[in-house]
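Counting in the working numbering, the sequence shown runs from -19 upward without gaps.
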Amino acid sequence: MEKNILKYFIEVPNRVAPHISSQPSAAAQADPTNQVKPAQNPPPVDKNVDLDGDGALSLAEVKYAAFVHHGLSSSAVDGLFKEVDKNRDGYLTSLEFNDIRPLVLAKAENAALRYMQSVDLDHDNLLSLKEAQAYILKEYGIGNRDVERVWHLVIPSSSEKMDAVLFSKLRRRIRGMSIRLARQIMKNADKNEDGHIDLKEAQQVAFEQEGIGAGDVNEILISVDDSNDGELNAPEFADFERIVRARAVDTSKKALKVVDRDGSGTLTMDEAKRIAFDHYGFDEKVLGPFFAQADENEDGQLDAVEFAGFRSVIRSQAVKNAMEAMQEIDTDGDGLVSNSEAVAMARRQDDMDSKETYNLFNVADQDKSGRLDKVELADLLRLVRLSAIKFATDHFKEFDTNHDKSVTLDELEDAIEQKYKIDRPNIRLFFEKVDVDSSGDLNPGEIVDFRYAVIISNFYPSNQNAKLLLH
């Protein structure tokens, strides 16, 4: 009601109370300079801020604008709003909004100044392009070229440096980009199409992207839910994605210590091939573009931040592969994989015991629903592969019949021909296809792929993968 009254008197400024004469007083008639000037219509409010289009700006609308553009929290805006809301009606006219703008900008600049202390690596109280690229890649996953393009929207030269004021403008543009990226993700993640991401949808996103569990996702959502409504709008979801990214970088730092065989603190292509092949069966042909995409500084190796991007792309590709595999594994066509379907798949591919498959199934079944979606299936396929590689490693001596610590075609040919009745040209073809490093011998991961090729071609010749292996 108060808001409608405010609008009414803004739109009809010459309306006066009935008991007050609208005629000029005698004093005013005698002295024209003493006349009261008629009230003026204030300019219209910013339509981008006035979300409900009623001509006045509520506290919620101002908070949202400050949060979208500058990432300021609701509590930071409360005091500023009260300071400029002269008539205490809970709404701002365009003139009052003009008063709050510089206050909000000052808050944003102070925040930029404080933040600069952590990203100004050479401690000269200025930000270089290289420093900006490093922190933006780490926090948002936005690549160096995109950062440079945005940088030039704020400052023309790549060699110049930014003070806190310019840095605040850069942060605003990067935030805008992160919100646009968040909206792109929301198009697929917002299953009920209500324009928000609820807890369940957030859990699915975080698990698919980085394997983050439901409990952790709940904590992240609460921390970024600025409106405290239990769901995330696009700016809040952008902050959610930023925290997921931070988790990914932390995980990559730990993982790098395990896979960095030469102790350089970075990941080479050879090291990347080893881990990606063992976990997912990806060879260099698949990994090459992913590695190049992640290698932002193009030095031929990945640091922990770049490795985080590489791992995300690899995981995404694994999920795509799982979607394709789902068509064969999901025999009842319900779009999910049951335990019995998983057991059949593992027996068919790796002759795995049903009890072991059941245990792996339970590990992959993140939401404990008893069925696996595409992301959970990707994890199951990875676990099954790693289990098979462990078996091949433990029994390597049985394949290495001449005990020279390598498994060659000669050592496999006779056994495969006798057991599976496969002719030697096809055995040789399988061997060449799975020998991804072209070394002439097979490591445990390649032995797993070789065995899979033999089993599929022998017992399931109509299988699409078998057809691919023979051509």
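All C-beta atoms, glycine included, are put in the ideal place defined by N, C-alpha and C. Just so you know, these numbers come straight off a predicted model, no measurement behind them.
| Item | Value |
| --- | --- |
| Burial state of H50, where buried means 16 or more other Cβ atoms lie within 10 Å | buried |
| Residue environment, T73, which counts as buried when at least 16 other CB atoms sit within 10 Å | buried |
| Run of the alpha helix (DSSP H) containing V42, from where it starts to where it stops | 39 to 50 |
| D312 versus F270: straight-line alpha-carbon distance, rounded | 34 Å |
| Euclidean distance between Cα positions of A457 and P24 | Outside the displayed range of the chain (-19 to 451) lies residue 457, so it cannot be described from this structure. |
| Backbone CA spacing between I202 and A358 [nearest angstrom] | 28 Å |
| Pairwise C-alpha distance: E251 and D240 | 7 Å |
| Closest residue to V64 among V57, D58, D79 (Cα-Cα distance) | D79 |
| Same chain, Cβ closer than 6 Å to V29, neighbours up to 5 away in sequence not counted | L37, E41, A45 |
| L316 - partner residues in DSSP beta bridges | Its beta-bridge partners do not exist; DSSP assigns none. |
| Beta-carbon proximity of S148 to A91, cut-off 9 Å | yes |
| Inter-residue Cα distance where the pair is Y260 and K354 | 15 Å |
| Q281 beta carbon less than 9 Å from that of T231 | no |
| Whole-angstrom distance between L109 and I294, CA atom to CA atom | 29 Å |
| Ranges of the alpha helix (DSSP H) found wholly within the stretch 337 to 418, counting only runs of at least 4 | 354 to 374, 376 to 379, 389 to 400, 404 to 414 |
| Distance between G156 and V452 (C-alpha atoms, nearest Å) | There is simply no residue 452 to check, as the chain begins at -19 and stops at 451 in what is shown. |
| D283, DSSP secondary structure in three states | coil |
| Beta-carbon gap between V317 and I309 smaller than 9 Å | yes |
| Backbone secondary structure at D421 - three-state DSSP | strand |
| Beta-carbon spacing of A214, R163 below 9 Å | yes |
| Inter-residue CB distance, A228 and I159 (contact presumed, cutoff 8 Å) | Between I159 and A228 the Cβ distance is about 19 Å, and since that is not below 8 Å, they are no contact. |
| Validate contact between the stretch 359 to 376 and the stretch 410 to 429 using beta carbons, cut 8 Å, 3 pairs | yes |
| Burial state of H176, where buried means 16 or more other Cβ atoms lie within 10 Å | buried |
| At least three beta-carbon pairs within less than 8 Å, the stretch 99 to 116 to the stretch 126 to 142 | yes |
| Beta-carbon gap between I255 and V224 smaller than 9 Å | no |
| For V145, the nearest candidate out of E119, K87, S98, L179 (CA to CA) | K87 |
| Alpha carbon of A186 to alpha carbon of S437, nearest angstrom | 37 Å |
| Neighbourhood of A182 by C-beta, 7 Å cutoff - its chain only, sequence neighbours within 5 removed | V197, L201, L212, F220 |
| E276 beta carbon less than 9 Å from that of L117 | yes |
| Own chain, CB closer than 6 Å to L517, minus 5 neighbours either side, in chain order | Outside the shown range of the chain (-19 to 451) lies residue 517, about which nothing can therefore be said. |
| Euclidean distance between Cα positions of L179 and P405 | 55 Å |
| Inter-residue Cα distance where the pair is F77 and P136 | 31 Å |
| Collapsed DSSP secondary structure at L454 in the structure displayed | Any property of residue 454 remains undetermined from this structure, which presents the chain solely from -19 to 451. |
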